[in-house]
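J.: Following this message is one structure expressed as structure tokens.
Protein chains: 2
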Amino acid sequence: MTRQPTILDVAALAGVSKSVVSRVINDSPLVSPATRKAVLMAAAQIGYRPNAAARHLASNRTRILGAVVDDLHNPFFADMLDGIEDVAREHGYRVMVMAGGRNTRNEEDAVEAFLELRVDGLVLAGPQIRPQTLKRARAATRVVVAAHRLRSNAGSSVATDDIRGAGLAVEHLTGLGHSRIAYLRGAPSPPARDRLSGYQRAMKKAGLVPVILEADFTEDGGYAAAQEIARSGDIPTAICAPNDLAAIGAINALEDAGLSVPADVSVVGYDDTALAGLRHISLTTVHQPRRELGKQAAELLLAEGEGSSQPRQVLLPPHLVARTSTAAPRGGQGPSLHPLPSPASARSMS
Amino acid sequence: MTRQPTILDVAALAGVSKSVVSRVINDSPLVSPATRKAVLMAAAQIGYRPNAAARHLASNRTRILGAVVDDLHNPFFADMLDGIEDVAREHGYRVMVMAGGRNTRNEEDAVEAFLELRVDGLVLAGPQIRPQTLKRARAATRVVVAAHRLRSNAGSSVATDDIRGAGLAVEHLTGLGHSRIAYLRGAPSPPARDRLSGYQRAMKKAGLVPVILEADFTEDGGYAAAQEIARSGDIPTAICAPNDLAAIGAINALEDAGLSVPADVSVVGYDDTALAGLRHISLTTVHQPRRELGKQAAELLLAEGEGSSQPRQVLLPPHLVARTSTAAPRGGQGPSLHPLPSPASARSMS
DNA sequence: CTAGAATATGGGAACGTTCCCATATCCGTC
DNA sequence: GACGGATATGGGAACGTTCCCATATTCTAG
């Protein structure tokens, strides 16, 4: 708690100048082996630890990547962060995380905090960030938006093809024989928009009429929307949810209303988080390559500014994972085991 | 990306000295209203953003709290972080998170990163940290260990009374009529030790013989251990797991082996994460006040160093949440609705 | 009208590094 | 036996703030 030792203290003890100590810390080859050893011993002896603030100020680099995530309760983001860390660590960067808590104000404050720190790069995995904030951030450092498709020149982004993903969900259901398929819409955000429009296109293509309800990306949101469906009396044979959490909420509401999943209503989620795979939940869902999303976001970030500063868009293919929350509708035709295999789902990743 | 504006640029534009700009940024009352306004306008106009490194260096404060968490995939930590953020925000601190990924090396690197940043406080929520590292950290800044009981003078900590918690699990099961109760032990760490010893004491008190298997705090760990139990032929009527994830893994293994939960085997988890409450899982578990744990850790942190620098230990009471993964054993006596209510569980929170 | 407080502003050192340039020493080479 | 080039080390400015002290201005009271 007292004053911490500095490079000068180390230098004095080792009997060299501060320059030499600095070189040793930074692994410069311009130090004789004997001197290096003496410096390291002195540093260890007095418990020297570099002051990041001073280094950052003098060198104008931090070797820190900031990650702003929308909601740490959604396991989706934990997976993505794993991918980011994989790549960052490999390149000698550290990753610091700030949580937005599904709140625009908090998210933008987190962005601001990282910009004040002058991080070397910023991954934004929060759908709540306004274009204006993104623009300000991009003016200050390298930025990549993850899990969230950006318009061609608004900046770089790495996302799953959500239009295609929602289409896969609908195709799976029509392949099982469903024709009355409702959609729960996520809170306003680019992924919610894409998933919705993928649903609408697929429904149109199949000659079916869309039914859309407002929800959000939480369990509670899914519960409320499905409750409304159950109450309405006009119950569809299948429901697509905007993510796994909402799907789980929807299933709970349906069952609370005395309906059985999948016998009465099939439910499809989105993300393929660990939750969906839990044996007792066993949710049919659209898989996103979550860790890969994080990896590619970090790679794009570290590549940026070294050559092409043109914003780039990466779209990864989703694929459907069929589990037991979906089945053929009552009185409908039996399930076909391979409903409408499409080129896109065939080339998707593990 | 070009050079970012500094306090001097703002000063020049506003026609004042850097000192005045500094005062405006720091909300000092020693500035006339007119000047303040001029400075703010100039700052906004050129897009000035304070350089955190320079501020930290000059002021020797960061207003940042670091949080090192063991595993971002465990929703337990997300809840705890919410509590930390609540308190930090209230006091004008920002919280940055680094994940240890259940790996000592990574966790200790995260601690080091925060110490280099000279954070104003550090919350360690990772059981993987060595006493030696804790000691080094405590020499440099205020530190509170969370979700993890510390010996009286090793430092401050906020945790749940895990000895009591494991006892509650055993009492619940004996109250249902179980007498053959196995324990899955978590990866070596203080919480694992406490929970184990709570189990042992309660078993002894009930005159029962302990059966202990090695597992860890993951779903896979719980699966493997329960699989071993199922194979052994000598199957207990109940299993206590070291946390919810492991409990879920154990249930999967039992069911894969053709056993029914709770008809054949009852399973109790630990933590009461959101997972346990999912309708389809409905895990009987020991509740930890997760958010409260985070809150009190942050409060202890911010209180520390202002007066008493004596390390303090806070122990919060757990309580049991009975759901449907436990029942009376086959052929045993029926469940009593209020098995052995104890003073500790009666005074537990929410 | 003037001393002395209160208010507002400016200037400079300091924070702990990096990085450039200068210098010292030691080589081998012609 | 001086010289050019490595190799190793030292010194000082700079990074962008804060914070203390000095100074200028305004106000108040006697």
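If you read the sequences in order, they're chains A and B.
If you want the numbering used here, it's the position in the first sequence, counting the first as 1, plus 119.
If you want the numbering used here, it's the position in the second sequence, counting the first as 1, plus 119.
Glycine is no exception: its CB is placed at the ideal position from the N, C-alpha and C atoms.
1. Among the residues of its own chain, which have a CB less than 7 Å from the CB of P124(A), if the five just before and after it don't count?
2. Use the C-beta contact count for P460(A): other C-beta atoms within 10 angstroms, 16 or more gives buried, fewer gives exposed.
3. Of the choices V216(B), T154(B) and E374(B), whose alpha-carbon is the least far from that of L191(A)?
4. Given a cut-off of 9 Å, decide if I300(A) and C359(A) are closer than it, judged by their beta-carbon atoms.
5. Roughly how many angstroms separate the alpha carbons of L315(B) and P381(A), rounded to a whole number?
6. Does N362(B) come within less than 9 Å of chain A when only Cβ atoms are used?
7. Using the Cα positions of P436(A) and L412(A), report the straight-line distance between them to the nearest angstrom.
8. Check each residue of the segment 188-220 of chain B: if its Cβ is closer than 9 Å to any Cβ of chain A, include it; give the result in chain order.
9. Between H399(A) and chain B, is there a C-beta pair that is closer than 9 Å?
10. Under 9 Å between the Cβ atoms of A343(A) and A334(A)?
11. When you compare the CB positions of I135(A) and L159(A), do they come within less than 9 Å of one another, or not?
12. Who are the near neighbours of L85(A) in its chain, counting only those whose CB is closer than 7 Å to its CB and skipping five residues on each side?
13. Scan the segment 227-238 of chain A for residues whose Cβ lies nearer than 7 Å to a Cβ of chain B and list them as they occur along the chain.
14. Starting from G368(A), trace the beta strand (DSSP E) in both directions and tell me its first and last residue.
15. Using a beta-carbon distance cut-off of less than 9 Å, what residues from the segment 165-176 of chain A approach chain B?
16. Quick check on A416(B) - is its C-beta less than 9 Å from some C-beta in chain A?
17. Is G105(A) helix, strand or coil by DSSP?
18. Quick one: Cα of S141(B) to Cα of I126(B), how far?
19. Is the shortest distance between the beta-carbon of R431(A) and the beta-carbons of chain B less than 9 Å?
20. I'd like to know whether the C-beta of P460(B) is nearer than 9 Å to at least one C-beta of chain A.
21. Taking DSSP as the reference, what is the three-state secondary structure of D390(B)?
22. With distances taken from CA atoms, which of H406(A), E374(A) and L378(A) is nearest L397(B)?
23. Is V330(A) near the ligand ZN, with its Cβ less than 8 Å from a heavy atom?
24. I think A288(A) touches V386(A), with their Cβ atoms under 8 Å apart; what is that distance to the nearest whole Å?
25. State buried or exposed for T121(A), treating a residue as buried only when at least 16 other CB atoms are found within 10 Å of its CB.
26. In its own chain, which residues sit with a C-beta less than 7 Å from the C-beta of D313(A), not counting the 5 before and 5 after it?
27. For V242(B), which residues does DSSP report across the bridge?
28. H291(A) lies in the alpha helix (DSSP H); which residues open and close that run?
29. From the DSSP output, which residues share a beta bridge with I400(B)?
30. For S138(A) and A173(B), I'd like the C-alpha separation in whole angstroms.
31. Between T181(A) and chain B, is any beta-carbon pair separated by less than 9 Å?
32. Give a yes or no on whether the minimum CB-CB distance between A265(A) and chain B is below 9 Å.
33. Residues of the segment 346-372 of chain B with a CB closer than 9 Å to any CB of chain A: list them in chain order, please.
34. Determine the closest residue to D390(B) out of N222(B), D339(B) and A311(B), with distance taken between C-alpha atoms.
35. Chain B beta carbons: is any one of them nearer than 9 Å to that of I126(A)?
36. Given that a residue counts as buried once 16 or more other Cβ atoms are within 10 Å of its Cβ, and exposed if not, what is T260(A)?
T.: In this structure, then:
1. I165, G166 and Y167
2. Because the pLDDT at P460(A) is just 39, under 50, the model does not fix this residue reliably, and the point stays unresolved.
3. V216(B)
4. yes
5. 41 Å
6. no
7. 11 Å
8. D190, L191, H192, N193, P194, F196, A197, D198, L200, D201, E204, R208, R213, V214, M215, V216, M217, A218 and G220
9. yes
10. yes
11. According to the sequence provided, residue 135(A) is Val. The question's Ile does not apply to it. The answer is no: Cβ separation not under 9 Å.
12. For residue 85(A) there is no data in the structure shown, the boundaries of chain A being 120 and 469.
13. A232, L234, E235, L236 and R237
14. Segment D363 to D375 is the alpha helix (DSSP H) holding G368(A); no beta strand (DSSP E) there.
15. G166, R168, P169, N170, A171, A172, A173, R174, H175 and L176
16. no
17. No answer is possible for residue 105(A): it lies beyond the span of chain A, which begins at 120 and ends at 469.
18. 7 Å
19. no
20. For P460(B), the predicted structure reports a pLDDT of 39, less than 50, and the residue's modelled location is therefore unreliable. The matter cannot be settled from this model.
21. strand
22. E374(A)
23. For the ligand ZN, the structure offers nothing, since it holds no ligand at all.
24. The Cβ separation is near 10 Å, so there is no contact.
25. exposed
26. R268, D281 and I282
27. A186(B) and V263(B)
28. D281 to L295
29. I400(B) pairs with nothing; no bridge assigned.
30. 21 Å
31. yes
32. no
33. I367, I370 and N371
34. A311(B)
35. no
36. buried
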